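A.B. asks: Residue numbers (my numbering), protein chains in the order written: chain A, 12 to 182; chain B, 12 to 182. Glycine included, each C-beta is placed from N, C-alpha and C at the ideal position. A quick note: this is a predicted structure, and the numbers were derived from the prediction, not measured.
2 protein chains.
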Amino acid sequence: MVHTPSLQHRLPNEGAHIHAPWRSETAKQAIAQSEALCRAKGARLTPIRRRVLEVLLASPKPLGAYDLVDRLGSQGRRMAPITVYRALDFLIEHGLAHRLASRNAYLASSDVSTGRQTTAFLICESCGEATEITSPAVADTVLKVLKEQGYQPRARALEITGRCAGCQDIH
Amino acid sequence: MVHTPSLQHRLPNEGAHIHAPWRSETAKQAIAQSEALCRAKGARLTPIRRRVLEVLLASPKPLGAYDLVDRLGSQGRRMAPITVYRALDFLIEHGLAHRLASRNAYLASSDVSTGRQTTAFLICESCGEATEITSPAVADTVLKVLKEQGYQPRARALEITGRCAGCQDIH
DNA sequence: CCCAAATATGTAGTGATATAACCTATACGA
DNA sequence: TCGTATAGGTTATATCACTACATATTTGGG
Ligand SMILES: [Zn+2]
Ligand SMILES: [Zn+2]
Ligand SMILES: [Zn+2]
Ligand SMILES: [Zn+2]
């Protein structure tokens with residue numbers, strides 16, 4: 012059992028190395044879209060919720076709830092975990108963010124407009140980067156399998172693990 | 012936020028209702044297979060590990076680590092969580108059990124012989140029952156998507172959520 | 001505008017899940 | 001049998017998520 016990967020969550024940014032650059036314009040656009048969507052639905056994107064979303068959007072990797080707590084404190088004031096969880100609850104409910112169960116981590120939706128359809132996440136088990144994709148092939152296959160087994164499908168996120176291009180050979 | 016499903020783990024057997032019966036012969040067979048497989052690999056299926064596997068096999072639903080702790084105590088003696096986690100670690104590493112990240116729960120492999128290939132679990136979000144399937148269609152699709160995105164595939168378990176046949180309409 | 005209801009946040013404590021660190025016991029091979 | 005590797009015991013702790021209740025803010029009706 013020399014190299015058994017641990018069962019539990021690994022913080023996404025311990026010894027982090029990033030392969031993809033990050034653009035802030037994308038984040039601004041996403042915020043604007045999110046605001047529009049919330050207005051349309053009568054949902055309240057309050058300052059706290061908005062800030063949580065901004066921090067998620069500003070991160071190239073999924074963040075743990077307590078990572079968010081750390082990043083959201085202002086002038087020595089630490090935000091209570093429950094506050095972050097409540098904001099995440101809201102964001103997830105409205106399709107603005109997702110939870111990665113396999114990592115106990117959260118990330119912003121890459122495309123708000125798709126709403127709560129079946130999406131998939133490719134998660135690099137080396138660097139923790141997550142790519143959200145909406146693949147009809149995956150959705151169809153999953154739907155077929157569910158139907159075959161008599162399961163009624165519920166729109167959910169699929170987590171697929173692999174090793175991203177940047178992490179190949181190198182590690 | 013009236014009916015937001017909680018983010019955290021729900022014990023798999025709280026208010027449990029079971030739709031499928033359970034047969035103990037299958038469990039005995041699985042134990043025999045597991046023993047054979049461990050002998051062949053030089054892995055040691057010790058009494059503790061074997062008991063954990065037996066308890067998993069005896070459960071129609073995935074069990075939390077602390078459920079296992081509760082079920083494994085004998086004559087007032089409570090097994091330490093770490094002991095259970097170590098046993099689970101072993102079982103998972105050798106393909107005898109799986110972890111369902113979306114539920115923080117563990118279950119025995121339905122077919123030991125398939126080893127650590129890409130399998131999928133259909134998880135009922137109502138009753139918690141999990142069905143392990145090995146669908147070439149799913150495996151192929153996942154592989155293709157990974158390749159498209161430059162990901163190197165790593166054999167892992169896919170967790171697909173839905174509502175099982177028994178739970179339809181009823182709830 | 002004022003008030004009542006609904007919604008959102010603050011605060012404190014706790015529950016639930018998983019592991020670290022260190023030590024002892026047992027199994028295995030030479 | 002002896003040395004090493006592996007497994008398990010014990011204690012404490014890290015990590016993740018939520019309950020319960022009080023307070024503040026928003027919102028819509030009168
Ligand atoms: Zn990577
Ligand atoms: Zn890398
Ligand atoms: Zn069900
Ligand atoms: Zn049911």
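Does the beta-carbon distance from A:Ala148 to B:Lys158 come in below 8 Å?
C.D. replies: For the purposes of this step, residue 148 of chain A is identified with residue 137 of the first sequence, where counting begins at 1. For the purposes of this step, residue 158 of chain B is identified with residue 147 of the second sequence, where counting begins at 1. Result no, Cβ atoms of A:Ala148 and B:Lys158 do not sit closer than 8 Å.
A.B. asks: With a threshold of 7 Å, establish whether the CB of B:Arg174 neighbours any heavy atom of ligand 3.
C.D. replies: Residue mapping note: residue 174 of chain B aligns to position 163 of the second sequence, counting from 1. Flag set: Cβ of B:Arg174 near ligand 3.
A.B. asks: Hey, is A:Gly161 close to ligand 3, as in C-beta under 7 Å from one of its heavy atoms?
C.D. replies: Looking up residue 161 of chain A in the first sequence gives position 150. No, Cβ of A:Gly161 sits at least 7 Å from all heavy atoms of ligand 3.
A.B. asks: If the cut is a Cβ gap below 8 Å, which residues of chain A does B:Val149 touch?
C.D. replies: Along the second sequence, one-based indexing puts residue 149 of chain B at 138. Chain A residues near B:Val149: Thr152, Val153 and Val156.
A.B. asks: Could you check whether A:Ile171 and B:Leu217 sit closer than 8 Å to each other, using their CB atoms as the reference points?
C.D. replies: The question about residue 217 of chain B has no answer, for chain B in this structure spans 12 to 182.
A.B. asks: Residues of chain B with CB closer than 8 Å to the CB of A:Leu133, please, in chain order.
C.D. replies: Against the first sequence, residue 133 of chain A aligns to sequence position 122. Result: Val156, Leu157, Gln160 and Tyr162.
A.B. asks: For A:Lys72, count the other beta carbons within 10 Å of its own beta carbon; 16 or more makes it buried, fewer makes it exposed. Which is it?
C.D. replies: Indexing the first sequence from 1 puts residue 72 of chain A at position 61. Its Cβ being crowded by 16 or more others within 10 Å, A:Lys72 is buried.
A.B. asks: Does the beta-carbon of A:Ser113, which I'm using as the reference point, lie nearer than 7 Å to any heavy atom of ligand 1?
C.D. replies: For the purposes of this step, residue 113 of chain A is taken as residue 102 along the first sequence, with counting starting at 1. It does not: the Cβ of A:Ser113 is nowhere closer than 7 Å to a heavy atom of ligand 1.
A.B. asks: Which bits of chain A does B:Gln179 rub up against, with CB to CB less than 9 Å?
C.D. replies: The count along the second sequence starts at 1 and reaches residue 179 of chain B at position 168. Neighbours of B:Gln179 on chain A, chain order: Gly161, Tyr162 and Gln163.
A.B. asks: Which residues in chain B sit within 9 Å of A:Gly106, going by Cβ to Cβ distance?
C.D. replies: Taking the first residue of the first sequence as 1, we reach residue 106 of chain A at position 95. Chain B residues near A:Gly106: none, gap ~13 Å exceeds 9 Å.
A.B. asks: Could you name the residues of the same chain whose beta carbon sits closer than 6 Å to that of A:His105, not counting the 5 residues immediately before and after it, in chain order?
C.D. replies: Position 94 of the first sequence, counted from the first residue, corresponds to residue 105 of chain A. Excluding positions up to five away in sequence, the list reads Ala54.
A.B. asks: With DSSP run on the structure shown, which of helix, strand or coil describes A:Gly177?
C.D. replies: Translated into positions along the first sequence, residue 177 of chain A becomes position 166. Helix, per DSSP.
A.B. asks: Applying a beta-carbon distance threshold of less than 9 Å, which residues of chain B neighbour A:Ala176?
C.D. replies: As a position in the first sequence, residue 176 of chain A is number 165, starting the count at 1. The answer, in chain order, is Gln160, Gly161, Tyr162 and Gln163.
A.B. asks: Whole angstroms are fine: how far does the CA of B:Val63 sit from the CA of B:Leu99?
C.D. replies: Here residue 99 of chain B refers to the residue found at position 88 of the second sequence. Here residue 63 of chain B refers to the residue found at position 52 of the second sequence. Straight-line Cα distance between these residues: approximately 8 Å.
A.B. asks: State the DSSP-derived secondary structure class of B:Thr57, mapped to helix, strand or coil.
C.D. replies: The residue you call residue 57 of chain B lines up with position 46 of the second sequence. Residue state, collapsed to three classes: coil.
A.B. asks: Are there any heavy atoms of ligand 3 lying less than 7 Å away from the beta-carbon of B:Gly177, as far as the coordinates show?
C.D. replies: What you label residue 177 of chain B is simply residue 166 of the second sequence in a count that begins at 1. The answer is yes for B:Gly177.
A.B. asks: To the nearest angstrom, report how far apart B:Gly173 and A:Tyr162 are at their CA atoms.
C.D. replies: Counting from 1 along the second sequence, the entry for residue 173 of chain B is found at position 162. Counting from 1 along the first sequence, the entry for residue 162 of chain A is found at position 151. Taking the straight line from one Cα to the other gives about 6 Å.
A.B. asks: Starting from A:Cys49, trace the alpha helix (DSSP H) in both directions and tell me its first and last residue.
C.D. replies: Within the first sequence, numbered from 1, the residue matching residue 49 of chain A stands at position 38. Unbroken alpha helix (DSSP H) run through A:Cys49: Ser35 to Lys52.
A.B. asks: Leaving aside the five residues before and after B:Ser124 along the sequence, list all residues of the same chain whose C-beta is less than 6 Å from its C-beta, in chain order.
C.D. replies: To locate residue 124 of chain B, count along the second sequence from 1; it is residue 113. Closer than 6 Å at the Cβ level, and outside the excluded window around B:Ser124, lies no residue.
A.B. asks: In three-state terms, what does DSSP make of A:Leu99?
C.D. replies: Taking the first residue of the first sequence as position 1, residue 99 of chain A is located at position 88. In the structure shown, A:Leu99 sits in a helix (DSSP, three-state: H, G or I).
A.B. asks: Could you tell me if the beta carbon of B:Ser137 falls within a distance shorter than 7 Å of some heavy atom in ligand 3?
C.D. replies: Taking the first residue of the second sequence as position 1, residue 137 of chain B is located at position 126. Because some heavy atom of ligand 3 lies under 7 Å away, the Cβ of B:Ser137 counts as near it: yes.
A.B. asks: Would you kindly work out how many angstroms separate the C-alpha atoms of B:Thr130 and A:Gly84, rounded to a whole number?
C.D. replies: Residue mapping note: residue 130 of chain B aligns to position 119 of the second sequence, counting from 1. Residue mapping note: residue 84 of chain A aligns to position 73 of the first sequence, counting from 1. Using only the alpha carbons, I get a separation of about 41 Å.
A.B. asks: Going by Cα to Cα distance, which pick from B:Thr142, B:Arg167, B:Ala38 and B:Val95 is closest to A:Ser113?
C.D. replies: The residue given as residue 113 of chain A occupies position 102 in the first sequence. It is B:Arg167 whose Cα lies nearest to the Cα of A:Ser113.
A.B. asks: Is A:Arg110 buried or exposed, if buried means 16 or more other CB atoms sit within 10 Å of its CB?
C.D. replies: Taking the first residue of the first sequence as position 1, residue 110 of chain A is located at position 99. Counting Cβ neighbours within 10 Å, A:Arg110 comes out buried, since at least 16 surround it.
A.B. asks: Compare the Cα-Cα distances from A:Gly139 to each of A:Tyr77, A:Ala176 and A:Arg82 and report the closest residue.
C.D. replies: Here residue 139 of chain A is taken as the residue at index 128 of the first sequence, counted from 1. If we check each option's Cα against that of A:Gly139, A:Ala176 comes out closest.
A.B. asks: Quick one: residues in its chain with C-beta nearer than 7 Å to the C-beta of B:Arg82, no 5 flanking neighbours on either side, listed in chain order?
C.D. replies: Locating residue 82 of chain B in the second sequence gives position 71, counting from the first residue. These residues qualify, in order along the chain: Val66.
A.B. asks: Any beta carbon of chain A sitting closer than 8 Å to that of B:Leu93?
C.D. replies: The sequence position of residue 93 of chain B within the second sequence is 82, counting from 1. This sequence places Ile at residue 93 of chain B; Leu is not what is there. It does not; no Cβ of chain A falls within 8 Å.
A.B. asks: Taking just the CA atoms, how far does A:Gln40 sit from A:Asn115?
C.D. replies: The count along the first sequence starts at 1 and reaches residue 115 of chain A at position 104. The count along the first sequence starts at 1 and reaches residue 40 of chain A at position 29. Looking at the two C-alpha atoms, the distance is approximately 26 Å.
A.B. asks: Using the three-state DSSP reduction, which class does B:Leu107 fall into: helix, strand or coil?
C.D. replies: Walking along the second sequence from the start, residue 107 of chain B turns up at place 96. In the structure shown, B:Leu107 sits in coil (DSSP, three-state: anything other than H, G, I, E or B).
A.B. asks: Spell out the partners DSSP gives A:Tyr117 in its beta bridges.
C.D. replies: On the first sequence, position 106 is the one that residue 117 of chain A refers to. Per DSSP, A:Leu74 and A:Arg110.
A.B. asks: Am I right that A:Glu143 and A:Ser121 are in contact with their C-beta atoms under 8 Å? What's the rounded C-beta distance?
C.D. replies: The residue you call residue 143 of chain A lines up with position 132 of the first sequence. The residue you call residue 121 of chain A lines up with position 110 of the first sequence. That pair is a contact at about 4 Å.
A.B. asks: Would you mind stating whether A:Thr94 and B:Thr152 have Cβ atoms separated by less than 8 Å?
C.D. replies: Mapped onto the first sequence, residue 94 of chain A falls at position 83. Mapped onto the second sequence, residue 152 of chain B falls at position 141. Cβ atoms of A:Thr94 and B:Thr152: not closer than 8 Å.
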